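With the numbering used here applied, the sequence shown covers 408 to 487. What follows is a short report on a single structure.
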Amino acid sequence: MPLGPAIARLPFGFLLWHPLVCTSCANLFWLALLVFDLRKPGKVHRTTLIAGGILLVSQPIALAVGDTRPWLRFAEWLVK
Numbered sequence: 408m409p410l411g412p413a414i415a416r417l418p419f420g421f422l423l424w425h426p427l428v429c430t431s432c433a434n435l436f437w438l439a440l441l442v443f444d445l446r447k448p449g450k451v452h453r454t455t456l457i458a459g460g461i462l463l464v465s466q467p468i469a470l471a472v473g474d475t476r477p478w479l480r481f482a483e484w485l486v487k
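Structure below.
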């Protein structure tokens with residue numbers, strides 16, 4: 408999840424590095440963007456819906472795959 412490292416660096420004590428906390432914070436940012444879209448332009452922008460859909464679909468996939476041996480080997484290969 409691209410927002411995970413950014414959220415983990417926020418200076419709040421309750422934001423311990425835990426995947427569910429980071430995904431919840433990312434969802435809250437997206438929800439705030441939805442509210443902004445509804446209040447200012449009056450309708451939700453197509454990009455907000457597409458990005459939010461990708462965000463919501465990718466989170467469970469990242470949680471399921473992120474700690475598997477093939478993914479860890481691939482990530483290790485990437486940083487070499």
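Glycine is no exception: its CB is placed at the ideal position from the N, C-alpha and C atoms. Treat the numbers as computed from the prediction; the structure is a model and nothing was measured.
Distance between beta carbons of residue j and residue i, contact taken as under 8 Å
i: LEU441; j: VAL451; result: 6 Å
i: VAL486; j: TRP478; result: Wrong, their Cβ atoms sit about 13 Å apart, outside the cutoff.
i: LEU470; j: PRO418; result: So it is not a contact: roughly 25 Å between Cβ atoms.
For residue i, the first and last residue of its enclosing alpha helix (DSSP H)
i: VAL486; result: 476 to 486
i: VAL472; result: 453 to 472
Top-ranked residue by Cα proximity to residue i, from the options
i: PHE436; options: THR475, GLU483 and LEU462; result: LEU462
i: LEU456; options: LEU470, ARG446 and LEU438; result: LEU438
i: SER431; options: ALA458, GLN466 and TRP484; result: GLN466
Identify every run of the beta strand (DSSP E) within the stretch 416 to 447, keeping only runs that are complete inside it and at least 3 residues long; order them along the chain.
none
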